[in-house]
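Written out below as structure tokens is the structure these notes cover.
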Amino acid sequence: MPEGHTLHRLARDQTTRFAGRPVRVSSPQGRFAEGAALVDGQVLNVVRAHGKHLFAVFGAHTVHVHLGLYGKFAAGNGTPPEPRGALRMRWVGTDAWTDLRGATACEVLTPDDVAGILARLGPDPLARRPDGSLAGLRIARSRAPIAGLLMDQSVLSGIGNVYRAEVLFRHRVPPYLPGRELGPERWAAIWADLVTLMRAGVRSGRIITTLPVHRSRRTGRVASADAHYVYRRTGLPCRLCGTPVAMHMLSSRKLYFCPRCQQTPIEALL
DNA sequence: GCAAAATGTCAAG
DNA sequence: TTGACCTTTTGCA
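Numbering (our numbering), first residue to last: 12 to 281.
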């Protein structure tokens, strides 16, 4: 589930489990063999996330991982399992191991390379001191639909298709509204909401946007079918107004929204 | 047992 | 705008 919350959670966990000690790094699949050799046996300093990018610092070498659509880490304690399938990268620490498969990017970078990537990324709601003002300026100058801008990692980073759809619904924003028509107050509210939602996502490891409405009285849990307002709910009734949830393709990604709750005020009056 | 889909990005045209 | 990339999971026969 690689939106920003996943990467920040991974950074935190991997730092806890591996940092401060040497890590055996290998690439059973072979595709990362050269990179692995550069850092194998080195002490891991820290793992950090910015948006959907993960940076594991081994002295002057940084392992950069981008999970893309399919990438996934598996992890455990004790002896790692026999390598199976396309295992791009394996870490083995003193009592912990982790396996990476399917990532779009897994490479060793210099500090300059890392700075170059960070320079291309917009502010991250999961930063220690979140500041959405730069993203707000970009949005206020753009004619592009807000639904597209939210997914643009150079405008703000870490938002994927789920948070995009859900936050627009939560604020009743029409997805095609041009960025310049959003207004600063609405942007401030959206940004603050993203900070809250994504921090909750780091804690739980899931994207739940419907709390507290759909939490079970008995167990306090949210069923996966109840975790979202519109994401992947095409044709199902909107949880607020009952209108069937709509799905459009926008820039070849699926965009989910409620055509009634997310109308512009003027359209709503017609 | 196989096809399709999945939370993403980049390069080619 | 379209396809390539990469792997696992889900859903249908």
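We treat Cβ as the ideally placed atom computed from N, Cα and C, and that holds for glycine.
- The beta carbons of V119 and G46 sit closer together than 7 Å.
- If you draw a straight line from the Cα of S263 to the Cα of V213, it is about 27 Å long.
- In this structure, the straight-line span from the alpha carbon of W202 to that of V256 is close to 24 Å.
- The stretch 82–96 and the stretch 122–132 do not touch, with fewer than 3 CB-CB distances between them shorter than 8 Å.
- Residue pairing by DSSP places K63 opposite no residue, since no beta bridge is assigned to it.
- CA-to-CA, the gap between I128 and H61 works out to about 10 Å.
- A straight-line Cα-Cα distance of about 29 Å links H182 and R229.
- With at least 16 other beta carbons inside 10 angstroms of its own, T17 counts as buried.
- Two segments are said to touch when three or more pairs of C-beta atoms, one from each, lie closer than 8 Å; by this definition the stretch 204–221 touches the stretch 235–252.
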